[in-house]
Amino acid sequence: MSRARPIANPAARLALLVAAVVLLAAPGVPAATPPRVGPPPASKVSPEPPVHGNPEGISWGGHGELRLGHDRVRGTSDPEWFSVGRVNGFARARLAERWRVAGEGTWDRATDDFVLERVELTYRWKRTFHAHGGIFPAPLGRTNLSHDAPRNDFAEHSLVATQLVGVPNAMLGLGVRGAAGGGKRPMTYEIDLVTGFSDGLIIDSPGGTRLPIGRNNYGDNNGLPSVVGRIEFHPSPDAEWGIAAQSGPYNQTEIGGMTVDGRRWVHLIVADGATTFAGVRLVAETGVAFVDVPPGLLGLYAEDQWGASVEASRTLWDPLFGSWRQSALRVAVRGDAVDLDRGLRGDSRHRVSASLNLHHRPRAVARFGWYYELQRDRFDNETPQAGVTFTAATYF
Amino acid sequence: MSYGRVPQDDGRFAPQAEEPARAMHSAPRARRVAWLDPAVVAICALVLAPLGCGDLLTTKPPAGTRFDQPLDGLGNSELGDFQDGQTQFRRAFSISEGLGPIFNNVSCASCHSGDGRGIPTNTLTRFSRAGDLALAEGGPQIQDKAIPGAEPERLPVGGEVSHRLPPPVFGVGLMEAITDSTILAHEDAGDGDGDGISGRANWVTPPAFVPATEPGAGPGLRVGRFGRKAQVSSLLQQTVDAYHQDMGITSSFRSVENTNPLSSVVVPGLDGAPDPEVGGQAVNDVMQYMRMLAPPTPGEMTPRREQGAALFATATCASCHIPSLRTGAHEIEALADRDVALFSDLLLHDLGDGLADNRPDGGADGREWRTAPLWGLRIAREFLNGALFLLHDGRARSVEEAVRLHGGEAAGARDAFVAMSADERAALLDFVESR
Chain A
6 MSRARPIANP
16 AARLALLVAA
26 VVLLAAPGVP
36 AATPPRVGPP
46 PASKVSPEPP
56 VHGNPEGISW
66 GGHGELRLGH
76 DRVRGTSDPE
86 WFSVGRVNGF
96 ARARLAERWR
106 VAGEGTWDRA
116 TDDFVLERVE
126 LTYRWKRTFH
136 AHGGIFPAPL
146 GRTNLSHDAP
156 RNDFAEHSLV
166 ATQLVGVPNA
176 MLGLGVRGAA
186 GGGKRPMTYE
196 IDLVTGFSDG
206 LIIDSPGGTR
216 LPIGRNNYGD
226 NNGLPSVVGR
236 IEFHPSPDAE
246 WGIAAQSGPY
256 NQTEIGGMTV
266 DGRRWVHLIV
276 ADGATTFAGV
286 RLVAETGVAF
296 VDVPPGLLGL
306 YAEDQWGASV
316 EASRTLWDPL
326 FGSWRQSALR
336 VAVRGDAVDL
346 DRGLRGDSRH
356 RVSASLNLHH
366 RPRAVARFGW
376 YYELQRDRFD
386 NETPQAGVTF
396 TAATYF
Chain B
30 MSYGRVPQDD
40 GRFAPQAEEP
50 ARAMHSAPRA
60 RRVAWLDPAV
70 VAICALVLAP
80 LGCGDLLTTK
90 PPAGTRFDQP
100 LDGLGNSELG
110 DFQDGQTQFR
120 RAFSISEGLG
130 PIFNNVSCAS
140 CHSGDGRGIP
150 TNTLTRFSRA
160 GDLALAEGGP
170 QIQDKAIPGA
180 EPERLPVGGE
190 VSHRLPPPVF
200 GVGLMEAITD
210 STILAHEDAG
220 DGDGDGISGR
230 ANWVTPPAFV
240 PATEPGAGPG
250 LRVGRFGRKA
260 QVSSLLQQTV
270 DAYHQDMGIT
280 SSFRSVENTN
290 PLSSVVVPGL
300 DGAPDPEVGG
310 QAVNDVMQYM
320 RMLAPPTPGE
330 MTPRREQGAA
340 LFATATCASC
350 HIPSLRTGAH
360 EIEALADRDV
370 ALFSDLLLHD
380 LGDGLADNRP
390 DGGADGREWR
400 TAPLWGLRIA
410 REFLNGALFL
420 LHDGRARSVE
430 EAVRLHGGEA
440 AGARDAFVAM
450 SADERAALLD
460 FVESR
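Next up, the structure:
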């Protein structure tokens, strides 16, 4: 059970990360260049949510998901059979020609937590360049940026999303978003200074390093920002590739005026992609995390984590019946895995899922799903878990 | 809500889908598929299969093949207590919940794999100096982990050091229910029968926090039966000390934090939880859980194993690894008045220089060890990644290696084993590994 070495020189790593993101993002902000980016590729993941109210004034909406399930752990049924999968509400307002404000809150069963996902003020400097500040989803992978319940092909988010990124993962900060490139091959980017993760990922986490427990660091526990950035390419109308990274200190070095530890860093890199091949929509997301663990906790808390998911989906019938023009039936399969301690054999989860999705009307879906998961503890003992689920999700 | 990742200037935050009524279905728009398209049928069958196939929803392991199963014959109330205790046993503590300031691991289950034995990387290190517990130097147990702001203990130079593999926790209630007189009946401290084997009990004094009503408690010396040297007489003491020493969790029984006496760092309240960090109920739940854990069912007795059992007896292995002891009265009916096939006499034996740790523990000297129960060996590898770690520090990777490392009073049995033919040794090992 040899362990990986701690990350060497976190400051240098951060500097490289920032430099890379800035350099890559720079072509997108030439002030004098007329915007060349036309409408982006129409979202092949899902449509925009319906918006109530006045889009030019105050508007609102939301989505929710109910879950009926029969889950078994090593042959023993879980007594919980009904739950709210996730629920979300949002409101937004146009304050002036260039100013927008938005608020959003989400509760998600996977992370069992309510997250204030957005309290965001946006200034539209130009059509392809916006500045924003407040609380907003960290651009850490496509799932964190787009996780509305009715959009998902599965009742559960992938393991990399829930166990590594901690979807929904929102942070307090400020930054810019923009677009660059031609209309046919646009590139979008975002770079922000955010509060980052807190030392909850260690201190509040029983049984090992868990980044999602260090989320919601709205107050910033250490007064030092993290940098998070994302670049996304659209090489063709139905393909997109993105890479995102976050780096920053997570811990407090003093408690009650007493120095308790040195500065410690967490780095998270997430890459994702989506494309269509032979009528099958392929979506993948992978992430890797590096955590600088206090020396007294080495061996119990992971310095290195990794996860990935690949899913394939296909529309079988569209419409389902000729007379039911707005219906469609889709099938999707996914394999995902997360290794929560790469320095150890064990502490990992592997899962396969399948889902049959009836979109009986736009912006709503009824899913029948099955999953089978193997959880391994820190001794590498295996616990199988499986279930069938029926979920219904809709925008309000 | 999801914002498009390309800013727009049309009054919306995100691009308008080309055709909202359609866009949910994702592109590309599929051609209409025949209802009996084999691919579609196969996919639907795959999704619907779990409804009729239990294997796809996991199955229960066969009875008696796990270490975390309750005893047969428990009442509903006792099973409820068992569940509560299992929750506490598996509860991992975070720093904000009280873990530390110095500790070895984060939960009971973190040391006892599947409620079985531990592995060499999570052995505990016991330390003493000339028989003294060396409290001022971090004894009697070295806590090698520490929360931020605290310093883990380091093993001092010199003194007596003993590495202890976490033992299995199943069946300890049955061990507790074996009466003192049953154990003492097998004593032969002076080797009166001249067979070279002289088991003796480890008489220990239970700490004051253990109520006299607890088994193994009360005034005066009591027969120790838990721990590698039978240095503990009470299951409650074992549980409280595990919380306090192994996890740094204070309880109403031991409410003062364990700290590193050699550290210059002052760490009051560093772990963020007020003391005591767990109540007496949690400790009691864990104790009751362990008490009601059943040993796994032994394997079937085949003719070859019958031969092995006979060889086990003739080689005098069974003189210490007594196949069965009987319990006495107990408040949990499932523990009372039954034969227990633990393959141990729960007595101390000199196992020779090779296994000596030279560290006294209670009444046990540095060469003595309590006879290790052999139950559960049948499935032990399943909870250790296929490996096996035997003897007090896990140094033996097979039963045969463990036998060959025996010395002292067990030298005769070892030599008898070595003198057997390969086939006989295989039969004996098959028997032992089927228990």
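The listed protein sequences correspond, in order, to chains A and B.
Here the working numbering runs 5 ahead of the position in the first sequence, where the first position is 1.
Here the working numbering runs 29 ahead of the position in the second sequence, where the first position is 1.
Here a beta-carbon is modelled for each residue, glycine too, at the ideal position from N, C-alpha and C.
Just curious, the beta strand (DSSP E) that residue i is in, first and last residue?
i, result
"E245(A)", "244 to 254"
"L363(A)", "353 to 366"
"E70(A)", "63 to 78"
"A279(A)", "270 to 282"
"E189(B)", "189 to 193"
By the DSSP assignment, the alpha helix (DSSP H) with residue i in it spans what residues?
i, result
"G337(B)", "332 to 343"
"E430(B)", "428 to 434"
"Y318(B)", "309 to 320"
"T211(B)", "209 to 213"
"I106(B)", "Residue identity check: residue 106(B) is Ser in the sequence provided, not Ile. That run of the alpha helix (DSSP H) goes 105 to 119."
"V285(A)", "Segment 285 to 296 is the beta strand (DSSP E) holding V285(A); no alpha helix (DSSP H) there."
"V269(B)", "264 to 270"
"V198(B)", "Per DSSP, V198(B) belongs to no alpha helix (DSSP H) and is neither H nor E."
"G205(A)", "205 to 208"
Just how far apart, CA to CA, sit residue i and residue j?
i, j, result
"V159(B)", "R464(B)", "First, the amino acid is wrong: residue 159(B) is Ala here, not Val. Roughly 39 angstroms between the two C-alpha positions."
"A249(A)", "E85(A)", "36 angstroms"
"D113(A)", "R91(A)", "4 angstroms"
"E362(B)", "T211(B)", "19 angstroms"
"A160(A)", "N174(A)", "18 angstroms"
"E306(B)", "Y272(B)", "10 angstroms"
"R79(A)", "L85(B)", "11 angstroms"
"F118(B)", "Y318(B)", "8 angstroms"
"K49(A)", "D243(A)", "Confidence at K49(A) is low in this model, with a pLDDT of 28, below 50, so its placement is unreliable and the value that follows should be read with caution. Between K49(A) and D243(A), the C-alpha separation is close to 6 angstroms."
"P177(B)", "P299(A)", "6 angstroms"
"G405(B)", "V165(A)", "37 angstroms"
"V56(A)", "A154(A)", "16 angstroms"
"P402(A)", "T116(A)", "For chain A, the structure presents residues 6 to 401; residue 402(A) sits outside this window and is missing."
"H75(A)", "R354(A)", "20 angstroms"
"W65(A)", "G58(A)", "6 angstroms"
"L340(B)", "E453(B)", "8 angstroms"
"V393(A)", "R339(A)", "15 angstroms"
"D382(B)", "V293(A)", "49 angstroms"
By Cβ distance below 6 angstroms, which residues in the same chain neighbour residue i in space, the five residues on each side in sequence not counted?
i, result
"A358(B)", "A365"
"C349(B)", "D374, H378, T400"
"M449(B)", "none"
"Q267(B)", "F255, V261"
Would you say the beta carbon of residue i comes nearer than 7 angstroms to a heavy atom of the ligand ADP?
i, result
"F122(B)", "For the ligand ADP, the structure offers nothing, since it holds no ligand at all."
Starting from the C-beta of residue i, find all residues in its chain whose C-beta is less than 7 angstroms away, skip the five residues before and the five after it, and write them out in chain order.
i, result
"F282(B)", "F238, V269, G309, V312"
"G147(B)", "C140, H141, L194, P195"
"G62(A)", "A98, R99"
"A138(B)", "F118, R119"
"L417(B)", "A409, R410, R426, S427"
"V135(B)", "A121, F122, L128, M276"
Within its chain, find whatever has a CB closer than 8 angstroms to the CB of residue i; leave out the 5 residues flanking it on each side and keep chain order.
i, result
"A179(B)", "G129, P130, I131, T288, N289, S292, V294, V296, L299"
Nearest chain E C-beta to residue i closer than 8 angstroms, yes or no?
i, result
"K89(B)", "As a matter of chain content, chain E is missing from the structure shown, whose protein chains are A and B."
Cβ contact (3+ pairs, closer than 8 angstroms) linking the stretch 122 to 132 of chain A and the stretch 94 to 107 of chain A: yes
Contacting positions in the stretch 250 to 261 of chain A - beta carbon closer than 8 angstroms to chain B: N256, I260
Would the stretch 262 to 277 of chain B count as touching the stretch 113 to 132 of chain B if we require 3 or more Cβ pairs under 8 angstroms? yes
Listed from N- to C-terminal order along the chain, which residues in the stretch 113 to 125 of chain A have their beta-carbon within a distance smaller than 7 angstroms of any beta-carbon of chain B? none
Determine which residues of the stretch 190 to 206 of chain B have a Cβ less than 9 angstroms from any Cβ of chain A, and write them out in chain order. none
Given 8 angstroms as the limit, is there contact between the stretch 417 to 436 of chain B and the stretch 315 to 335 of chain B, that is, 3 or more CB pairs closer than that? no
If we count Cβ pairs, one from each stretch, closer than 8 angstroms, do we get three or more for the stretch 258 to 270 of chain B versus the stretch 378 to 393 of chain B? yes
Does the stretch 384 to 394 of chain A touch the stretch 170 to 189 of chain A, meaning 3 or more C-beta pairs lie closer than 8 angstroms? no
For the stretch 149 to 166 of chain A against the stretch 198 to 206 of chain A, are there 3 or more C-beta pairs whose distance is under 8 angstroms? no
Return the residues of the stretch 410 to 428 of chain B that lie within a Cβ-Cβ distance of less than 9 angstroms from chain A, sorted by chain order. E411, F412, L413, N414
Note down, in chain order, all residues in the stretch 355 to 384 of chain A with a beta-carbon under 7 angstroms from any beta-carbon belonging to chain B. A359, L361, H364, P367, R368, F373, W375, Y377, R383, F384
So if I threshold CB-CB distances at 7 angstroms, which residues from the stretch 223 to 249 of chain B count as touching chain A? none
Cβ-based contacts, 9 angstroms cut-off: residues of the stretch 177 to 189 of chain B near chain A: P177, G178, A179, E180, P181
According to a CB-to-CB cut-off of less than 9 angstroms, which residues of the stretch 197 to 223 of chain A neighbour chain B? D204, G205, I207, I208, D209, S210, P211, G212, G213, I218
Please identify, using Cβ separations under 8 angstroms, the residues of the stretch 73 to 107 of chain A that lie next to chain B, in order along the chain. H75, R77, V78, R79, G80, T81, N93, F95, R97, R99, R105, A107
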